[in-house]
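This report refers to the structure that appears directly beneath it.
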Amino acid sequence: MQPFSIKIFLVMRFRYIAVDGPIGVGKTTLAGILSKLFDARVVLEPVKSNPFLPLFYTDRKRYAFQTQVSFLIARYQQQKELEQQDLFGKGIITDYFFARDRIFAHINLSEDELSIYEKVYALLNPRVIKPDLVIYMQADVDILLDRIGKRGVEYEKGIDGQYLEELVKVYNDFFFYYNETALLVVNTSEIDIENNEEDLTNLVKEIRRIKSGTHYYIPLGSRKK
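Residues in the sequence shown are numbered from 3 upward in steps of one, following this note's numbering.
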């Protein structure tokens with residue numbers, strides 16, 4: 003499924019789309035699908051390059067600061083490379099939004115650690131290009147836990163429902179006030195964009211409608227059928 007009219011529409015309007023949401027929501031899946039539909043370059047979050055992430059899930063308090071700063075620097079470097087090389091060519095779809103780093107910092111870091119982190123973030127954030135559209139994916143905590151379990155990443159086994167609940171709350175609070183770019187909030191609890199063509203088609207239609215502002219999409223989806 004790759005309608006020519008949809009492809010041209012998105013390439014012309016949105017040069018840079020960032021997909022984001024809590025762990026297990028399907029960011030990478032959606033970014034990959036959209037990149038194929040719209041002939042865009044997909045850029046994935048530099049997760050595997052962070053040596054502290056597996057340690058973080060075994061002892062979050064001890065390794066939070068190292069993990070967070072490592073992510074911040076890696077994401078910043080990747081964003082600067084995009085600005086220099088790609089925004090004048092193909093469209094770009096990323097499976098993260100640079101500001102997500104700050105979302106995680108606020109739930110993972112101590113007060114003193116956060117104070118240091120915020121100073122570094124304040125220096126880097128103004129230098130990062132803003133996406134034309136942010137797609138914020140939501141899902142119920144039990145759905146997130148199920149998806150995390152199915153993908154079977156070893157170090158993610160330490161993620162529990164309480165941590166995800168806190169993460170979902172902080173995400174919702176952040177995007178409730180977000181107005182820097184066009185925003186589409188999508189509840190994915192009842193849809194399966196990877197395996198159900200109708201679910202994906204309906205989501206793409208929602209993306210096509212967006213010009214500016216904040217939009218909410220809460221579909222019934224295939225899971226209720």
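C-beta: ideal position from N, C-alpha, C; glycine also.
Can you tell me which of the three DSSP states residue i falls into?
| i | result |
| --- | --- |
| residue 43 | strand |
| residue 5 | Reliability of the predicted coordinates at residue 5 is poor, the pLDDT of 46 falling under 50, and no value is obtained from them. |
| residue 127 | helix |
| residue 173 | helix |
| residue 180 | coil |
| residue 59 | coil |
| residue 122 | helix |
| residue 222 | coil |
| residue 201 | helix |
| residue 100 | coil |
| residue 161 | coil |
| residue 105 | helix |
| residue 110 | helix |
| residue 2 | Nothing about residue 2 can be read from this structure; the chain reaches only from 3 to 227. |
| residue 208 | helix |
Take residue i and list the residues in its own chain whose beta-carbon comes closer than 7 Å to its own, dropping the five residues that flank it on each side.
| i | result |
| --- | --- |
| residue 58 | 65, 66 and 69 |
| residue 168 | 109 |
| residue 107 | 70, 116 and 119 |
| residue 172 | 105, 108 and 109 |
| residue 148 | none |
| residue 34 | 44 |
Work out the CA separation of residue j and residue i for me, nearest whole Å.
| i | j | result |
| --- | --- | --- |
| residue 192 | residue 22 | 18 Å |
| residue 213 | residue 28 | 24 Å |
| residue 120 | residue 56 | 24 Å |
| residue 141 | residue 189 | 6 Å |
| residue 155 | residue 31 | 15 Å |
| residue 200 | residue 41 | 20 Å |
| residue 210 | residue 39 | 13 Å |
| residue 96 | residue 160 | 26 Å |
| residue 205 | residue 17 | 18 Å |
| residue 216 | residue 124 | 25 Å |
| residue 26 | residue 74 | 20 Å |
| residue 195 | residue 79 | 31 Å |
| residue 98 | residue 144 | 22 Å |
| residue 113 | residue 45 | 32 Å |
| residue 7 | residue 94 | Its pLDDT being 49, under 50, residue 7 is placed unreliably in this model, and the coordinates cannot settle the point. |
| residue 157 | residue 51 | 14 Å |
| residue 15 | residue 146 | 31 Å |
Spell out the partners DSSP gives residue i in its beta bridges.
| i | result |
| --- | --- |
| residue 140 | 189 |
| residue 19 | 95 and 135 |
| residue 217 | 186 |
Only counting the same chain, and skipping five residues up and downstream in sequence, which positions put a Cβ closer than 6 Å to that of residue i?
| i | result |
| --- | --- |
| residue 208 | 219 |
With a threshold of 8 Å on Cβ separation, who are the neighbours of residue i within its own chain once the five nearest residues in sequence on each side are excluded?
| i | result |
| --- | --- |
| residue 111 | 66, 67, 70 and 119 |
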